[in-house]
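Heads up: the sequence lines are chains E, P, Z and X, in that order. For the first sequence, my numbering gives the first residue as 594, with consecutive numbering after it. For the second sequence, my numbering gives the first residue as 594, with consecutive numbering after it. For the third sequence, my numbering gives the first residue as 594, with consecutive numbering after it. For the fourth sequence, my numbering gives the first residue as 594, with consecutive numbering after it. Beta carbons are placed, not taken as given, at the ideal position from N, Cα and C, and that holds for glycine. Right, one structure below, let's go through it.
Number of protein chains: 4
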Amino acid sequence: MHQLQRREHAGSDTATGDVKIGYVGGGSQGWAHTLINDLAQCEDVSGTVALYDVDHEAAAKNAELGNRVVEQEGASGEWTFEAHRSLEEALDGAEFVICSIQDPPDETFVHDIDVPATYGIYQTVADTVGPGGVFRSLRAIPQYRRIAATVRAHCPDAWVINYTNPMTVCTRALYEEYPDINAIGLCHEVFGTQRLLAELAEKYVAEANDVSAEDIDVNVKGVNHFTWVDEAYWQGHDVFQYLDEELAARKPLPGNDPGDFDGESYWINNHQVAFDLYDTFGLLGAAGDRHLAEFVPWYLDIDEPSEIQRWGIRLTPSSARVDDGDGPAKMERYLSGDETFEFKESGEEAVDIVRALLGLEPLKTHVNYPNVGQTPDLTDGAVVETNALITGDRVAPVTAGTLPPEVRSMVQTHVTNQETLVAAGFAGDLDLAFRAFCNDALVTVQPDEAKALFAELVALERDY
Amino acid sequence: MHQLQRREHAGSDTATGDVKIGYVGGGSQGWAHTLINDLAQCEDVSGTVALYDVDHEAAAKNAELGNRVVEQEGASGEWTFEAHRSLEEALDGAEFVICSIQDPPDETFVHDIDVPATYGIYQTVADTVGPGGVFRSLRAIPQYRRIAATVRAHCPDAWVINYTNPMTVCTRALYEEYPDINAIGLCHEVFGTQRLLAELAEKYVAEANDVSAEDIDVNVKGVNHFTWVDEAYWQGHDVFQYLDEELAARKPLPGNDPGDFDGESYWINNHQVAFDLYDTFGLLGAAGDRHLAEFVPWYLDIDEPSEIQRWGIRLTPSSARVDDGDGPAKMERYLSGDETFEFKESGEEAVDIVRALLGLEPLKTHVNYPNVGQTPDLTDGAVVETNALITGDRVAPVTAGTLPPEVRSMVQTHVTNQETLVAAGFAGDLDLAFRAFCNDALVTVQPDEAKALFAELVALERDY
Amino acid sequence: MHQLQRREHAGSDTATGDVKIGYVGGGSQGWAHTLINDLAQCEDVSGTVALYDVDHEAAAKNAELGNRVVEQEGASGEWTFEAHRSLEEALDGAEFVICSIQDPPDETFVHDIDVPATYGIYQTVADTVGPGGVFRSLRAIPQYRRIAATVRAHCPDAWVINYTNPMTVCTRALYEEYPDINAIGLCHEVFGTQRLLAELAEKYVAEANDVSAEDIDVNVKGVNHFTWVDEAYWQGHDVFQYLDEELAARKPLPGNDPGDFDGESYWINNHQVAFDLYDTFGLLGAAGDRHLAEFVPWYLDIDEPSEIQRWGIRLTPSSARVDDGDGPAKMERYLSGDETFEFKESGEEAVDIVRALLGLEPLKTHVNYPNVGQTPDLTDGAVVETNALITGDRVAPVTAGTLPPEVRSMVQTHVTNQETLVAAGFAGDLDLAFRAFCNDALVTVQPDEAKALFAELVALERDY
Amino acid sequence: MHQLQRREHAGSDTATGDVKIGYVGGGSQGWAHTLINDLAQCEDVSGTVALYDVDHEAAAKNAELGNRVVEQEGASGEWTFEAHRSLEEALDGAEFVICSIQDPPDETFVHDIDVPATYGIYQTVADTVGPGGVFRSLRAIPQYRRIAATVRAHCPDAWVINYTNPMTVCTRALYEEYPDINAIGLCHEVFGTQRLLAELAEKYVAEANDVSAEDIDVNVKGVNHFTWVDEAYWQGHDVFQYLDEELAARKPLPGNDPGDFDGESYWINNHQVAFDLYDTFGLLGAAGDRHLAEFVPWYLDIDEPSEIQRWGIRLTPSSARVDDGDGPAKMERYLSGDETFEFKESGEEAVDIVRALLGLEPLKTHVNYPNVGQTPDLTDGAVVETNALITGDRVAPVTAGTLPPEVRSMVQTHVTNQETLVAAGFAGDLDLAFRAFCNDALVTVQPDEAKALFAELVALERDY
Ligand SMILES: [Mg+2]
Ligand SMILES: [Mg+2]
Ligand SMILES: [Mg+2]
Ligand SMILES: [Mg+2]
């Protein structure tokens, strides 16, 4: 028996007193600020964060911000932030490496989304699958090979935590380049499903109030953004028994009309796709509908963008992906002292995972990790998403069981495509990449058109 | 070492002198006449053919014809033909059972093809996959369960040779009902590929003239009508080396325009789909293009029927499936003696297979048979199509090896659907059948439309 | 993320306030007293324990003791103990079923151990494998079928916790009879390995003192009593790095002579076999040496009993298995009030597992459970031993990875034998059981002798 | 359909008119003379045989003999024989390579057999498994790596036909060194089983007389020298039905006493082991008893050599393996013209296989070949023995199905050992080799003795 509570540390705390975290993509204003927030509040680990970014200026500003924040009142962590000009330096001797790479140049987004649309192929996110996902994969692979090679050379035993999409392909590329790497990929989408289930628990279980999403114990299986949940418990209550009731209340699906969400956020999500998948396949789709819709050929079989609103979601136009919002202005205010950095509960897990891997507090969460038996009906070694138990120095995926045959069929097709894309990216073989492109669920156009679209995207993105 | 030539029989010929063949669907005018033709020319086996058909009249006429033909000049076989009123009687004590069931009522064809078309789903054949294939499967399963149960009760060791489509589902249903059954399914489509390769040998090998299709040694793998060939030899020459040359000559693909084949046969086939698949995936599709096109979402992604002619094939309208042609009149002429039955080389293998299973002459051909390792990357136990070696009492599939990952992905999706349809048919579970329906390559419409189409077909075909 | 700490219960405690535990083998004086001890100290669960035993008298005494103990000072749990005359009654409506069956009649032990010895086959324990393990399995299977059938009929959703040996066969028999059963098997042996590793941590890690066995995080894989550990961490320290140092210190192996342990306990264990296996195979055998030695043909290849002492263990003579010790006298003193039941820390997990399954406090421990991917290179569905994460209503085995090929070879042979024994026991097929018998590692005698031994044991044990 | 008869060649015969066969071990007096015999009688292929041997003198004599024999009356083949001083020259441009390597120096045999005997480990053959098989494997691997590397460099598309033992390890080493090699291994043992079955057919089938072994159609599966047959047909008669009758007649087994065969040939074989395996496992062991006995721990669990005679076989003493017989004298008589080479029906298949691979006459036989699905329950890629269909340029193993679990267990253990030995041989890792050594069925001695024996053999054979 192994108690899973927080462990009192025996004697010295050397193991946790001088931790180095290398951060690839350290110039970001989203994820980097979250990390600063979380480390500043972490009481039992301290050390150095080495930021690296192709935009060194941005990394340097983040370092300055980080060092300032840890001195703020309310900050308990002792951390030093440094910006490095070389990836090698940033990772050298690191115990942990966090990857959250700056999105690729804006133009690529525009191509990824707008060019396929001229062929009648619409995408809601375009970051994982679909034509956009394929090309994003091909762009990411060389970057992740380089990261893996640097880890092998400069910090071979480090734990690498990836946040960048396409999650599966990036994480898989790390293992392909350096098979002994210790790497996991983290994504939020399943938390959204846990929130939905928490709401159902509140709605249907008499004594349930203020149910926290993280108290919903879910069995997760599949691949990132096309994950599935087939069991959910809240304090001994089987939450799944209420799904049928909820489904009946939501029917008929889809429940909306084109235009219903014209004024809404591009990121709106009503779980209609998740419930429709549950209705047909008996398993709940466990990612946002914008993601789920891209993995099957049906929902995005539309003639013009507004039609997808029938399912309670919107197409994210490429323009919405370019604008960086008010980040830069905010940063200036922070650095000038005009605005104080406000600590919050981030919901991010990276620091908790660091603590778990340091042996401080075991953790169960869902991770993207090579398949070693956790989903025995998917390709061995492919990166899949399931729960894992994280303890000192070990990430052990929890067995999630098999998928129903038809769901497995859909998931496995994407697993195969992603494996093929990694192989194609490593070999520089565009013909091979095209085989995966054809097998993508959204590519149902005539073969000569598919070839033309592929060639057009290759030509446009050759430079990146 | 086992010599594969014809074997001289030692002593008595009891093993082959009194063979009983039960024939389910014995009232047909196509396949039954071929069997009469072939048995009448078979010198080393004799016995009885017991014909059974729901249309007893038709079976009786075929019996009369058969008995008359074996007395004709030029007939060497000694066979008696009998028509039976019960399936049980026809199969009782049989060593062989041939199934070539009368097509289902005409209306079902109309529904199978015309109703999906109103949803924008076009099918070239509609006998194996696509909405038509799904419903044809659901209709066939109860019939094949009954056949298998009758075999178990009346001739448990008989070899069952199936010709009816959907080939995979029918053959699989036999094994599902009676796991110890000895059954194989036979189909012509690969012969067409061998003919194509024979033509290529003639065209590209200097010394090759009059190459016979059956002399092309091919490695076959996949499922019926979605088979693939990855190796072909003619007398030690690797025919595959010429495929690229031929592909280059045929490019660009597709090579036609809508309307190009308006006046042609509905069954026309130019191997453009087969070559396009070869171009993309590196393996030759090994069935007629009308079949191949239905297994992937691309070629039939058309807005109106004539568009498919770009690929050198036509949609077969439901009307073309109803007309039985001049069969009945011909039969009358045969029976009245106005026309003599003319013997021909049928190209059918059933009689050769009977002879092989009787230990007379070993045979290698492609068969549909449960997967016992011949295609190790497809579901174990599913019915697949590969070469097999047929010797006395044994059908041993020949290992065909694995498929490239993306081709496997496409084939396995159909394998899964067909397994699910059999499960659904046995359980009478339409919700389960709908899961396979959604995963069909041609079903890329909105989920609510797919449900409506499925429900409409269920309602229309409930009576059959 | 799912926090793994103890959870505060929201509102009512109905889920944990009226729990029924059925106890098969409830007349025992070992395990039953431990359960009474642990439940009496459990603060957050209460309910009823229904004891069933073929020796009803003994169960009734335990019930009386239990009811008395929970009233004692220091007891915090509210539990009622009842003895039932029928298994059905005891299990009816239970949420948990504990099985710790009285050992079979004394004579069987004598046969299991003494008869094989006349053929030169010596066994150290004879409860899992070897001739004794085979026959014990055959005796246990009918009993476990009956338990499973009773669970299906009277408490189909209950969690069954088995403690009886042969662990693998008993647990597997439960699943074979009732595939939807929720059952796990628990064994102490791995704790002994954790203790060994805790000692190594203390010895080799500078800052380590008083290392608790349960703080050693081990990766466990294999089958019960033939488990292996290939990773061990203590607070971020890799304990495995010290194994080689320790091995060098212990060499040469074996380190003793025949007779060295003549006066010692029959249960003595010096981990020499575990270290010798580590030396050869690179993995640490993770059970007591008395168990490990029986799973391979080498250590027990001896000509007379004392030779095994070279490896620091002794043969347990059958006489040592018969004597029940001072249990009965102690019971009398308890019930007469002459002696007070003294609470202790039992080290048993059953109550902690009950609490985890009720959603109170997650637990990671090693369990015997059907293989669903946790050990992907062993037979799917066979009962294997690995870590598992136990949360509300779920037992999720943790992926343990593959074994080195040669170790897998040895383990898989036992997996196969145990699967065959279950099949043989269910079919009542002694010829099939003999095939497993021959493949047992200790059966290396001439085939005619093996047959004679098997027949002799069958004849002797027919009555049980 | 593919007719399997001899094919008339169209037009020119260039494909078969100038074939080069490289022969490694071409100085032998057994196999080389058989090849000369068979080629001299082969009418439809001609070309050159390039002999290579470490004993060049011997190869040169064989070349001289070969050239003389093809000129003899009665010789129909047109072949030229040449002896080469380098392996590279001999194989350069070859279409076929035959390997039948001179046995290793005499002393190794003595060690392989006599040293283990001092530890109480007796071996009947010592060429495949057992301590002798392990060391013979380790000696052979470097030689076979060199052959494979030479094939890759000098005749990458050649078909390599291996006759050398240990068959599995040698053939597997070829594929390990050069994965694209075309190689098969051939062995006679199954023919002996076919002869046994032919005798049973004659004995039990009324109309059967003079049944030829090659007319027995058997389903073969397993690994070389530990093959099994589970189906056998002769002209439509199931020969397996008579095995029980024959077994009853032969019982009790073993049927002899020590000393019964003192004066007999060391190679005597009465199929008692094969029948005993059939009795226990329901499958017929399909190799000579001298081989079969070495793969399980039972039969050779003897205290002195004569005991094995109870099973109708003898131990072959190392002395019997050294003497080369009257070969040299015979050769002198041939070359001097004192004796005429007499043509015979050799029973060897190599020339028939050459003809099949040239597209002349398809052949079914049993071969040793990497597992690609023919035995789906054994390790993928390991070399296994099953039937195969050999046609122009292709060797396609025929699916043989699975083994009963216990037989699979025994066979798979050897498969694992052989895979490990190849890995150990390639890595030069004796510790790894020792793991296989321990798992060998005959190594049931104490671990410290096993280590001592292994070390002694390593020391003795270091020089070879
Ligand atoms: Mg994400
Ligand atoms: Mg067909
Ligand atoms: Mg135990
Ligand atoms: Mg041999």
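Contact list for proline 587 of chain Z against chain X, beta-carbon separation under 7 Å: With chain Z represented from 594 up to 1057, any question about residue 587 of chain Z goes unanswered, as that position is not in the structure.
Whether glycine 640 of chain E touches aspartate 611 of chain E by CB criterion (8 Å): As a position in the first sequence, residue 640 of chain E is number 47, starting the count at 1. As a position in the first sequence, residue 611 of chain E is number 18, starting the count at 1. Contact: yes.
Can you name the start and end residues of the beta strand (DSSP E) that phenylalanine 868 of chain E belongs to? Start at 1 with the first residue of the first sequence, and residue 868 of chain E comes out as number 275. Segment 865 to 874 is the alpha helix (DSSP H) holding phenylalanine 868 of chain E; no beta strand (DSSP E) there.
Indicate whether at least one CB of chain B lies closer than 8 Å to the CB of cysteine 1031 of chain X. Reference to chain B is not applicable here, since the protein chains of this structure are E, P, Z and X.
My parser needs the beta strand (DSSP E) runs of 3 or more residues fully inside the stretch 674 to 749 of chain P; what are they? 689 to 692
What's the call for histidine 626 of chain X, buried or exposed, on a 16-neighbour Cβ count within 10 Å? Position 33 of the fourth sequence, counted from the first residue, corresponds to residue 626 of chain X. Buried is the call here.
Residues from the stretch 821 to 854 of chain P in contact with chain X, defined by Cβ distance under 9 Å: Glu824, Tyr826, Trp827, Gln828, Gly829, His830, Asp831
Using beta carbons (cut-off 8 Å, strictly below), is valine 947 of chain Z in contact with chain E? If you number the third sequence from 1, residue 947 of chain Z lands on position 354. Answer no: the Cβ-Cβ gap between valine 947 of chain Z and chain E never drops below 8 Å.
DSSP state of leucine 971 of chain P, grouped into three classes? Locating residue 971 of chain P in the second sequence gives position 378, counting from the first residue. Of the three classes helix, strand and coil, the one that applies to leucine 971 of chain P here is coil, per DSSP.
Ordered along the chain, which non-local residues of its own chain (more than five positions away) have a Cβ less than 7 Å from that of valine 753 of chain Z? Your numbering for residue 753 of chain Z matches position 160 in the third sequence. Excluding positions up to five away in sequence, the list reads Val690, Cys692, Val744, Leu767, Ile774, Asn775, Ala776.
To the nearest angstrom, report how far apart valine 977 of chain E and valine 816 of chain E are at their CA atoms. The residue given as residue 977 of chain E occupies position 384 in the first sequence. The residue given as residue 816 of chain E occupies position 223 in the first sequence. Answer to the nearest angstrom: the Cα atoms are 5 Å apart.
Short Cβ contact (8 Å threshold) for phenylalanine 728 of chain P with glutamate 1054 of chain P: Position 135 of the second sequence, counted from the first residue, corresponds to residue 728 of chain P. Position 461 of the second sequence, counted from the first residue, corresponds to residue 1054 of chain P. Cβ atoms of phenylalanine 728 of chain P and glutamate 1054 of chain P: closer than 8 Å.
Let me make sure I understand the geometry here. Which of E:Thr1006, E:Ala1034, E:His959, E:Ala1020 has the alpha-carbon closest to that of glycine 785 of chain E? Taking the first residue of the first sequence as position 1, residue 785 of chain E is located at position 192. When only C-alpha atoms are compared, the closest one is E:His959.
Could you spell out the range, first to last residue, of the beta strand (DSSP E) harbouring phenylalanine 934 of chain E? If you number the first sequence from 1, residue 934 of chain E lands on position 341. That residue, phenylalanine 934 of chain E, is in no beta strand (DSSP E); it is neither H nor E in DSSP.
Do alanine 633 of chain Z and phenylalanine 554 of chain Z come within 8 Å of each other at the CB atom, strictly closer than that value? Here chain Z comprises residues numbered 594 to 1057, so residue 554 of chain Z is not present and cannot be evaluated.
Distance, valine 647 of chain X Cα to valine 1036 of chain X Cα: Sequence index remark: in the fourth sequence, residue 1036 of chain X carries index 443 (1-based). Sequence index remark: in the fourth sequence, residue 647 of chain X carries index 54 (1-based). C-alpha separation (whole angstroms): 34 Å.
Residue closest to arginine 903 of chain E, alpha-carbon to alpha-carbon, out of E:Arg883, E:Ser911, E:Arg914, E:Cys635: For the purposes of this step, residue 903 of chain E is identified with residue 310 of the first sequence, where counting begins at 1. With distances taken between Cα atoms, arginine 903 of chain E lies closest to E:Arg883.
From arginine 788 of chain Z to serine 805 of chain Z, what distance separates their C-alpha atoms? For the purposes of this step, residue 788 of chain Z is taken as the residue at position 195 of the third sequence. For the purposes of this step, residue 805 of chain Z is taken as the residue at position 212 of the third sequence. If you draw a straight line from the Cα of arginine 788 of chain Z to the Cα of serine 805 of chain Z, it comes to about 7 Å.
Whole-angstrom distance between glutamate 925 of chain P and glutamate 932 of chain P, CA atom to CA atom: Reading the second sequence from its first residue, position 339 is the one you call residue 932 of chain P. Reading the second sequence from its first residue, position 332 is the one you call residue 925 of chain P. When rounded, the distance between both Cα atoms is 9 Å.
Would you kindly report the start and end of the unbroken alpha helix (DSSP H) that includes glycine 947 of chain X? By 1-based counting over the fourth sequence, the position of residue 947 of chain X is 354. Here residue 947 of chain X turns out to be valine, not glycine, going by the sequence shown. Start and end: 943 to 950.
Please confirm if phenylalanine 874 of chain Z has its CB atom under 8 Å from at least one CB of chain X. On the third sequence, residue 874 of chain Z is found 281 positions in, with the first residue counted as 1. The beta carbon of phenylalanine 874 of chain Z falls within 8 Å of a beta carbon belonging to chain X, placing the residue at that interface.
I need the boundaries of the alpha helix (DSSP H) containing tyrosine 826 of chain X, first residue and last residue. Against the fourth sequence, residue 826 of chain X aligns to sequence position 233. Here tyrosine 826 of chain X belongs to no alpha helix (DSSP H); instead the beta strand (DSSP E) covers 819 to 827.
Does any residue of chain E have a CB that is nearer than 8 Å to the CB of valine 991 of chain Z? Reading the third sequence from its first residue, position 398 is the one you call residue 991 of chain Z. Closer than 8 Å: yes.
Pull up the DSSP beta-bridge partners for tryptophan 672 of chain E, would you. Numbered from its first residue, the first sequence carries residue 672 of chain E at position 79. Paired residue(s): E:Gly640.
Quick check: is the beta carbon of glutamine 967 of chain X nearer than 8 Å to any beta carbon in chain P? As a first step, residue 967 of chain X must be located in the fourth sequence, where it is residue number 374. Judged by the 8 Å Cβ criterion, glutamine 967 of chain X is in contact with chain P.
Using the C-alpha atoms, what's the distance from leucine 893 of chain P back to valine 798 of chain X? Here residue 798 of chain X corresponds to residue number 205 of the fourth sequence, with the count starting at 1. Here residue 893 of chain P corresponds to residue number 300 of the second sequence, with the count starting at 1. The alpha-carbon atoms of valine 798 of chain X and leucine 893 of chain P are separated by roughly 59 Å.
Less than 7 Å between the CB of leucine 793 of chain Z and some heavy atom of ligand 6, yes or no? Within the structure as shown, ligand 6 is missing, the only ligands being ligand 1, ligand 2, ligand 3 and ligand 4.
Please report the straight-line C-alpha distance between glycine 930 of chain P and glycine 667 of chain P, rounded to a whole angstrom. Reading the second sequence from its first residue, position 337 is the one you call residue 930 of chain P. Reading the second sequence from its first residue, position 74 is the one you call residue 667 of chain P. When rounded, the distance between both Cα atoms is 16 Å.
Can you look up leucine 779 of chain E in the DSSP assignment and give me helix, strand or coil? By 1-based counting over the first sequence, the position of residue 779 of chain E is 186. DSSP places leucine 779 of chain E in coil when its eight states are reduced to three.
Looking at C-beta atoms only, is the number of pairs between the stretch 730 to 739 of chain Z and the stretch 758 to 766 of chain Z that lie closer than 8 Å three or more? Segments in contact, yes.
Does any CB atom of chain E fall closer than 8 Å to the CB of arginine 1001 of chain Z? Here the question's residue 1001 of chain Z lines up with position 408 in the third sequence. Chain E contact via Cβ: absent.
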